[in-house]
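Read in full-length UniProt numbering, the sequence shown has 94 at position 94, and its numbers run on one by one without any break. These notes concern the structure reproduced below.
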Amino acid sequence: MATTPIFHMRGINESLGDGQFMIDAYDASLPHLASIGSGKQWGSTPFAGRSDQEEKIKVFRQAEHYQLTGEGPPVQIFIVEAEIPFSATDELPSSVKVREDADGKNLLPVGTMMLSQGLYPHYMATLFNQDPVKRELDGTQHYIYLEGLITDFRAGAWRKGAGAALIECARQFCREKGKKILYADAYSGNDRRLVKYYETQGFYVIDDFEAIKPDGSIWPGVFLRLDVPAS
Numbered sequence: 001m002a003t004t005p006i007f008h009m010r011g012i013n014e015s016l017g018d019g020q021f022m023i024d025a026y027d028a029s030l031p032h033l034a035s036i037g038s039g040k041q042w043g044s045t046p047f048a049g050r051s052d053q054e055e056k057i058k059v060f061r062q063a064e065h066y067q068l069t070g071e072g073p074p075v076q077i078f079i080v081e082a083e084i085p086f087s088a089t090d091e092l093p094s095s096v097k098v099r100e101d102a103d104g105k106n107l108l109p110v111g112t113m114m115l116s117q118g119l120y121p122h123y124m125a126t127l128f129n130q131d132p133v134k135r136e137l138d139g140t141q142h143y144i145y146l147e148g149l150i151t152d153f154r155a156g157a158w159r160k161g162a163g164a165a166l167i168e169c170a171r172q173f174c175r176e177k178g179k180k181i182l183y184a185d186a187y188s189g190n191d192r193r194l195v196k197y198y199e200t201q202g203f204y205v206i207d208d209f210e211a212i213k214p215d216g217s218i219w220p221g222v223f224l225r226l227d228v229p230a231s
């Protein structure tokens, strides 16, 4: 496949198995990250073995509830699907699921992200001793925070461009909500490989930080900002 697939965005829908998709996509990323020298980004423990797995599943449910009702924390999860020809379905691993939509398109989920309105991850609060972080986040909710951007390595070439498509979706989400700032954070190990990717997508670095993981180890990260002009 020589060209970038046609992508479609939608909100989380547990009836389509999105919770399991996100878990499987996370697990599928671990061998790849290890192979490129970024194994410490998420470690080697599959989702089922994570100490915070129940909390993550709770967030999945809360995000769908907010999407449907507008009640609860303003957190939304998006799924990006690639439109694929029927002839390509037999080439995919049996662990992925292709669905047919109402228009007869074959859609393969290839990535996901979470967007929070005016909320930052809990670990960022521990970094308010760093002036650049505090200046950006303290006392304001006029932003969107991007977390958990994952593309599914099981999808092969069909995931090409999915990360950029998700970030563009996040930009549009900011415009729809009247927010001019999109924040994210990224693993800064392995020669800042992931940070450089975010920079190619329009983000710039606010500050470096070191987060303390539950096991006491250090997770090197970068706090990022993308300015979103009104369209």
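By construction, the Cβ of each residue, glycine as well, lies at the ideal position given by its N, Cα and C atoms.
(1) Per DSSP, A211 forms a beta bridge with which residues?
(2) Relative to the C-alpha of Y183, which residue among S38, D131 and S116 is closest?
(3) Have a look at I12 and E91 and give me their C-alpha separation to the nearest angstrom.
(4) Quick check on this structure: which residue in P93, T126 and E81 has the alpha carbon closest to the alpha carbon of L107?
(5) Is the separation between the beta-carbon of L194 and that of Y204 shorter than 8 Å?
(6) Can you have a look at G70 and say buried or exposed, based on whether 16 or more other CB atoms are within 10 angstroms of its CB?
(7) When we look at the beta-carbon of T151 and count the other beta-carbons within 10 Å, is it buried (16 or more) or exposed?
(8) Say whether the region 28-38 touches the region 51-66, bearing in mind that this needs 3 or more beta-carbon pairs closer than 8 Å, one atom from each stretch.
(9) With the cut-off set at 8 Å, would you say F86 and C169 are in Cβ contact?
The structure says:
(1) Assignment of beta-bridge partners to A211 by DSSP yields W219.
(2) Ranking the options by Cα distance to Y183, first place goes to S116.
(3) The alpha-carbon atoms of I12 and E91 are separated by roughly 26 Å.
(4) For L107, the nearest C-alpha among the options comes from E81.
(5) Contact: no.
(6) Answer is exposed; the Cβ neighbour count stays below 16.
(7) Classification of T151: buried, given that the 10 Å Cβ count is 16 or more.
(8) Segments in contact, no.
(9) The answer is no: Cβ separation not under 8 Å.
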